[in-house]
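A.B. asks: Got a structure for you, questions after.
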Amino acid sequence: MSHVFPRHSKLNPPTAVSGEGCYLIDASGKRYFDSGDAAVSCLGHSDVEVTKAIKAQLDKLAFAHTGFFTSEPAEELADLLVANAPEGIERVYFVSGGSEATEAAIKLARQYHVEKGEPQRRHLIARKQSYHGNTIGALSAGGNEWRRQQFAPLLIEVSHISPCYEYVLRGEAESAEAYGLRAAQELEDEILRLGPDTVMAFMAEPVVGATLGAVPAVEGYFKRIREICDQYGVLLILDEVMCGMGRTGYLFACEADGVSPDILCIAKGLGAGYQPIGAMLCSGEIYDTIANGTGFFQHGHTYIGHPVATAAGLAVVRALLDRGLMSRVTTMGEKLRSALVSAFGQHPNIGDIRGRGLFIGLEIVANRETKAPFDPSLGIAGKMKKAAFAEGLVCYPMSGTRDGKNGDHVLLAPPFIMTEEQIPDIVEPLRKALSKVL
Amino acid sequence: MSDTSPFSLAGQDALITGSSSGLGFEVAQLFARSGARVFINGRSEDRVRGAVEKIASAGGIAFPLVFDVSDTRQMADAFERLKNVIGKLDILVNNVGMRDRRAFAEFDAESVRRLLDADLVAPFLLAQKVSELMIAHQTRGRIVNISSIAGLIAQSGDAAYTMAKSGLNGLTRALAAELGPKGINVNAVAPGFFKTDPNRDAVADPEVAAWLARRTSVGRWGEPHELAPAVLFLASPAASYISGQILAVDGGYLAHY
Numbered sequence: 001m002s003h004v005f006p007r008h009s010k011l012n013p014p015t016a017v018s019g020e021g022c023y024l025i026d027a028s029g030k031r032y033f034d035s036g037d038a039a040v041s042c043l044g045h046s047d048v049e050v051t052k053a054i055k056a057q058l059d060k061l062a063f064a065h066t067g068f069f070t071s072e073p074a075e076e077l078a079d080l081l082v083a084n085a086p087e088g089i090e091r092v093y094f095v096s097g098g099s100e101a102t103e104a105a106i107k108l109a110r111q112y113h114v115e116k117g118e119p120q121r122r123h124l125i126a127r128k129q130s131y132h133g134n135t136i137g138a139l140s141a142g143g144n145e146w147r148r149q150q151f152a153p154l155l156i157e158v159s160h161i162s163p164c165y166e167y168v169l170r171g172e173a174e175s176a177e178a179y180g181l182r183a184a185q186e187l188e189d190e191i192l193r194l195g196p197d198t199v200m201a202f203m204a205e206p207v208v209g210a211t212l213g214a215v216p217a218v219e220g221y222f223k224r225i226r227e228i229c230d231q232y233g234v235l236l237i238l239d240e241v242m243c244g245m246g247r248t249g250y251l252f253a254c255e256a257d258g259v260s261p262d263i264l265c266i267a268k269g270l271g272a273g274y275q276p277i278g279a280m281l282c283s284g285e286i287y288d289t290i291a292n293g294t295g296f297f298q299h300g301h302t303y304i305g306h307p308v309a310t311a312a313g314l315a316v317v318r319a320l321l322d323r324g325l326m327s328r329v330t331t332m333g334e335k336l337r338s339a340l341v342s343a344f345g346q347h348p349n350i351g352d353i354r355g356r357g358l359f360i361g362l363e364i365v366a367n368r369e370t371k372a373p374f375d376p377s378l379g380i381a382g383k384m385k386k387a388a389f390a391e392g393l394v395c396y397p398m399s400g401t402r403d404g405k406n407g408d409h410v411l412l413a414p415p416f417i418m419t420e421e422q423i424p425d426i427v428e429p430l431r432k433a434l435s436k437v438l
Numbered sequence: 001m002s003d004t005s006p007f008s009l010a011g012q013d014a015l016i017t018g019s020s021s022g023l024g025f026e027v028a029q030l031f032a033r034s035g036a037r038v039f040i041n042g043r044s045e046d047r048v049r050g051a052v053e054k055i056a057s058a059g060g061i062a063f064p065l066v067f068d069v070s071d072t073r074q075m076a077d078a079f080e081r082l083k084n085v086i087g088k089l090d091i092l093v094n095n096v097g098m099r100d101r102r103a104f105a106e107f108d109a110e111s112v113r114r115l116l117d118a119d120l121v122a123p124f125l126l127a128q129k130v131s132e133l134m135i136a137h138q139t140r141g142r143i144v145n146i147s148s149i150a151g152l153i154a155q156s157g158d159a160a161y162t163m164a165k166s167g168l169n170g171l172t173r174a175l176a177a178e179l180g181p182k183g184i185n186v187n188a189v190a191p192g193f194f195k196t197d198p199n200r201d202a203v204a205d206p207e208v209a210a211w212l213a214r215r216t217s218v219g220r221w222g223e224p225h226e227l228a229p230a231v232l233f234l235a236s237p238a239a240s241y242i243s244g245q246i247l248a249v250d251g252g253y254l255a256h257y
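Protein sequence lines correspond, in order, to chains A and B. The numbering of the first sequence is the working numbering, which starts it at 1 and goes up by one. The numbering of the second sequence is the working numbering, which starts it at 1 and goes up by one.
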């Protein structure tokens, strides 16, 4: 009997024993194409350079508490990230994962306003159908009803505006641009409703991942969001935990939207699965406000800035930049997407194929014309996950796409090193899974 | 190209020296298209980065390896980095070639040595390092030296280069003999007249074109993409029983009179 507390007690998962490029291999020798359980393994499972960097760091220094020391890899990784970060981003706060990054972002936003002399700013606005993590603060910011439901009494108060979800929410006669402005307007309306000087931050994913299935905003949406934030002194927090670090073809996903946030969260691809690491990056203005005030961000975990984790992150980011992988993501993303369109573009139950780079979502519908979702009691996403896995594909199907209850999608986030020849390793299991489930 | 093609380099790792531009880049590009992971080498970080970017954006996998082949220290560091990046190597293409056209009487010792360092000592040392790695990993390795028709015939005003390329052909045969039993095939290609950047003045000259029309069997300049397939052939499983050969890729120049 296992003593591991698993994700799900009813599942009896195989034991993963090794990784080879884009593939995971279980104890029976079965191979699975890893198309992004959670958009982590961007370099595949056997990157020699990253593992050597980790081993070298371990041989040198495993751990030194950041209350006393900084470390070489943390300094170098921060330099490299800032050198490539959106304009204005000047500091990096290393954590161990995405939830920790968004949690830290919420606290930093609050402390910034307090130190700036605006302690009345306490409201956070986020979006429905977004996911920002599973700890209490992060879960509060997230707008996915299913994830929030039973913990609702414990959550902090956060406003949720509509996502920018063109496939479902754009009016038939509405242009993409007009829709983007209408969607962004909800932010201003909510700021005004709460009281403009009481709002501390707005948090959003540039490309919504787990809960919407790779949905980028329409052009102009985030530019308008940035304007509204600036107008009311509200900080813009972008959560790039899933979509950042090259996943969309840009090291930082917001580059595609032409905006710079005040606070930016990354994780997943930063460690590429070789180490658990995340980071919260912030503007010079925010850092200076704290530095010139108390000088102390009242936060911290034991493992922040962990030398081995940051050494892994450094090797990963260097690999992303040195190997031209962002360009590769764009090209391979187009190839994969066009293969998916030719395989499923006319499928009666695939309503939308969307995304950016190697971050692609397929929305499953009961009716393509009306875009009506399947009855949630059918559990389509869960069945898709199981069927695809049986066919040797690790992907991320999720239900509740529309409102936390209705709707299903499959999220694909394969390694950046995947080749054109491997496209069938994704398309064929999906095809078989779809025909089995529907 | 499918994995079962005898010309596929799927799963293989290749280092091509001087591959940030020109014929070396053509080789790297074709290797990447044929499934190999390629190390792009050059002296300029920007040019190497640009070449890596081009290969990656075409769906290939490339790693930068900036070093000067004539600098033994840089070569050793780069080789350490190569081992850190992927740990093994299946193919080495010694492509860097320096040319110094002048009358025999005008050569000085230093410039002759500089040319020999780049064109002969560097391939020698690199082959030594690479073969050690190949033998350690029991790789069915391939070394392809980019020689020249100047290694087989000669013209006036090109003595140092001609000497170096003749030496490279000798090295090719010597290494084929010595490394063959260890599972490594060593061959060379000898390009003729190609439309490369260093040849741009001659390429622009209609008289040269007219002369090539008479002197080559195919009657024209070689296009830059016409060398790489020969290198691919020698590096691929298709050439498993070929070693110690100098394959002229010259439009028939050597065979024609």
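Heads up, the beta-carbon is just placed ideally off N, CA and C, and yes, glycines get one too.
#1: Could you give the residue range of the beta strand (DSSP E) that holds G278/A?
#2: Are the Cβ atoms of G232/B and L15/B separated by less than 8 angstroms?
#3: Relative to the C-alpha of R323/A, which candidate in L23/B, A10/B and A32/B has its C-alpha closest?
#4: Could you have a look at Y93/A and say whether DSSP puts it in helix, strand or coil?
#5: So, is the C-beta of F63/B closer than 8 angstroms to a C-beta in chain A?
#6: Among the residues of its own chain, which have a CB less than 8 angstroms from the CB of G252/B, if the five just before and after it don't count?
#7: If we define contact as Cβ-Cβ less than 8 angstroms, is V38/B a contact residue for chain A?
#8: My understanding is that M200/A touches R121/A, with C-beta atoms under 8 angstroms, so please give their C-beta distance in whole angstroms.
#9: Helix, strand or coil: how does DSSP classify V158/A here?
#10: Listed in chain order, which residues of the segment 233–258 of chain A have Cβ atoms closer than 8 angstroms to some Cβ of chain B?
#11: In this structure, how does DSSP classify Y179/A when only helix, strand and coil are distinguished?
#12: Using 10 angstroms around the beta-carbon of R223/B, count the other beta-carbons present and answer buried if the total reaches 16, otherwise exposed.
#13: Could you tell me the alpha carbon to alpha carbon distance between I225/A and Y179/A, rounded to whole angstroms?
#14: Measuring only between beta-carbons, confirm whether T66/A sits less than 8 angstroms from chain B.
#15: State the Cα-Cα distance for the pair L139/A and K268/A, rounded to the nearest angstrom.
#16: From the DSSP output, which residues share a beta bridge with F194/B?
#17: Is H299/A a contact residue of the ligand MN, with contact defined as CB to any heavy atom under 7 angstroms?
#18: Should Y167/A and D352/A be called a contact, given that it needs their Cβ atoms to be closer than 8 angstroms?
#19: Check the Cβ of G59/B against every Cβ in chain A and list those closer than 8 angstroms, keeping chain order.
#20: Per DSSP, which residues does M384/A bridge with? Please list them.
#21: Quick one, which residues of the segment 24–52 of chain A are near chain B if we go by CB-CB under 7 angstroms, in chain order?
#22: Using the beta-carbon of each residue, which ones in chain A are nearer than 9 angstroms to N84/B?
#23: Identify every run of the beta strand (DSSP E) within the segment 265–314 of chain A, keeping only runs that are complete inside it and at least 3 residues long; order them along the chain.
#24: Under 8 angstroms between the Cβ atoms of P276/A and C243/A?
#25: Determine the closest residue to C42/A out of A315/A, A381/A and A433/A, with distance taken between C-alpha atoms.
#26: Restricting to Cα atoms, I'd like to know which of L155/A, K52/A, A62/A and S9/A is closest to R81/B.
#27: Going by the DSSP bridge assignment, what does E363/A pair with across the sheet?
#28: For the beta strand (DSSP E) containing E255/A, list its first residue and its last residue.
#29: Taking just the CA atoms, how far does R140/B sit from P397/A?
#30: Considering only residues of the same chain and omitting the five flanking positions on each side of Y32/A, which have a CB-CB separation below 8 angstroms?
#31: Can you tell me which residues form a DSSP beta bridge with E20/A?
#32: Would a check of beta-carbon distances place G87/B closer than 8 angstroms to chain A?
#33: Identify whether H123/A lies in helix, strand or coil by the three-state DSSP scheme.
#34: Establish whether the CB of A56/B and some CB of chain A are separated by less than 8 angstroms.
#35: Could one say the Cβ of T4/B lies closer than 8 angstroms to chain A's Cβ atoms, at least one of them?
#36: Give the residues of chain B in contact with G324/A, contact being defined as C-beta atoms less than 8 angstroms apart.
C.D. replies: The short version:
#1: Here residue 278/A corresponds to residue number 278 of the first sequence, with the count starting at 1. Residues G278 to S283.
#2: Position 232 of the second sequence, counting from 1, holds the residue named residue 232/B. Position 15 of the second sequence, counting from 1, holds the residue named residue 15/B. The amino acid at residue 232/B is misidentified as Gly; the sequence shows Leu. Result no, Cβ atoms of L232/B and L15/B do not sit closer than 8 angstroms.
#3: Stepping through the first sequence from its first residue, residue 323/A is reached at position 323. Answer by Cα proximity: A32/B.
#4: Taking the first residue of the first sequence as position 1, residue 93/A is located at position 93. When secondary structure is reduced to three states using DSSP, Y93/A falls in the strand class.
#5: The count along the second sequence starts at 1 and reaches residue 63/B at position 63. Chain A, which has a Cβ nearer than 8 angstroms to the Cβ of F63/B, makes this yes.
#6: Looking up residue 252/B in the second sequence gives position 252. Here the set comprises T216, S217 and V218.
#7: Walking along the second sequence from the start, residue 38/B turns up at place 38. Not closer than 8 angstroms to any Cβ of chain A, the Cβ of V38/B fails to qualify, so no.
#8: Within the first sequence, residue 200/A is the residue found at index 200, counting from 1. Within the first sequence, residue 121/A is the residue found at index 121, counting from 1. About 4 angstroms separates the two Cβ atoms, so the contact holds.
#9: Here residue 158/A is taken as the residue at index 158 of the first sequence, counted from 1. Three-state result, V158/A: strand.
#10: none
#11: To locate residue 179/A, count along the first sequence from 1; it is residue 179. Of the three classes helix, strand and coil, the one that applies to Y179/A here is helix, per DSSP.
#12: Counting from 1 along the second sequence, the entry for residue 223/B is found at position 223. Position check: residue 223/B holds Glu in this sequence, whereas Arg was assumed. So E223/B ends up on the exposed side.
#13: Locating residue 225/A in the first sequence gives position 225, where the first residue counts as 1. Locating residue 179/A in the first sequence gives position 179, where the first residue counts as 1. Going from the Cα of I225/A to the Cα of Y179/A covers about 13 angstroms.
#14: As a working mapping, residue 66/A is identified with position 66 in the first sequence. Judged by the 8 angstroms Cβ criterion, T66/A is not in contact with chain B.
#15: For the purposes of this step, residue 139/A is taken as the residue at position 139 of the first sequence. For the purposes of this step, residue 268/A is taken as the residue at position 268 of the first sequence. When rounded, the distance between both Cα atoms is 17 angstroms.
#16: The residue you call residue 194/B lines up with position 194 of the second sequence. Answer is G222/B, bridged to F194/B.
#17: This structure lacks the ligand MN, and indeed carries no ligand of any kind.
#18: Here residue 167/A corresponds to residue number 167 of the first sequence, with the count starting at 1. Here residue 352/A corresponds to residue number 352 of the first sequence, with the count starting at 1. Cβ distance < 8 angstroms, so Y167/A and D352/A count as in contact.
#19: As a working mapping, residue 59/B is identified with position 59 in the second sequence. Simply R328, T331, M332, K335, T419 and E420.
#20: Within the first sequence, numbered from 1, the residue matching residue 384/A stands at position 384. Its beta-bridge partners do not exist; DSSP assigns none.
#21: Within the segment 24–52 of chain A, the residues whose Cβ lies closer than 7 angstroms to some Cβ of chain B are V48, E49 and K52, listed in chain order.
#22: Reading the second sequence from its first residue, position 84 is the one you call residue 84/B. Near N84/B (Cβ distances below 9 angstroms), the residues of chain A are V48, E49, K52, A53 and A56.
#23: 278–283
#24: Locating residue 276/A in the first sequence gives position 276, where the first residue counts as 1. Locating residue 243/A in the first sequence gives position 243, where the first residue counts as 1. Contact: no.
#25: The residue you call residue 42/A lines up with position 42 of the first sequence. Selected option, being the one with the closest Cα: A315/A.
#26: If you number the second sequence from 1, residue 81/B lands on position 81. Ranking L155/A, K52/A, A62/A and S9/A by Cα distance to R81/B puts K52/A first.
#27: Residue mapping note: residue 363/A aligns to position 363 of the first sequence, counting from 1. Answer by DSSP bridge pairing, in chain order: D352/A and H409/A.
#28: The residue you call residue 255/A lines up with position 255 of the first sequence. First-last for E255/A: undefined, no H or E at that position.
#29: As a working note, residue 397/A is residue 397 in the first sequence. As a working note, residue 140/B is residue 140 in the second sequence. In a straight line, the C-alpha of P397/A is about 43 angstroms away from that of R140/B.
#30: Counting from one through the first sequence, the residue named residue 32/A turns up at place 32. Taken in chain order, the residues that qualify are Y23, L24, I25, D26, F389, G392, L393 and V394.
#31: Counting from 1 along the first sequence, the entry for residue 20/A is found at position 20. Within the DSSP bridge table, the entry for E20/A names Y23/A as partners.
#32: Residue 87/B sits at position 87 when you count from the first residue of the second sequence. Closer than 8 angstroms: yes.
#33: As a working note, residue 123/A is residue 123 in the first sequence. Strand at H123/A.
#34: Working through the second sequence from its first residue, we reach residue 56/B at position 56. For A56/B, the nearest beta carbon of chain A is closer than 8 angstroms to its own beta carbon.
#35: In the second sequence, the residue the question calls residue 4/B occupies position 4. It does not; no Cβ of chain A falls within 8 angstroms.
#36: On the first sequence, residue 324/A is found 324 positions in, with the first residue counted as 1. The contacting residues are R49, V52, E53, K54, I55, A56, S57 and A62.
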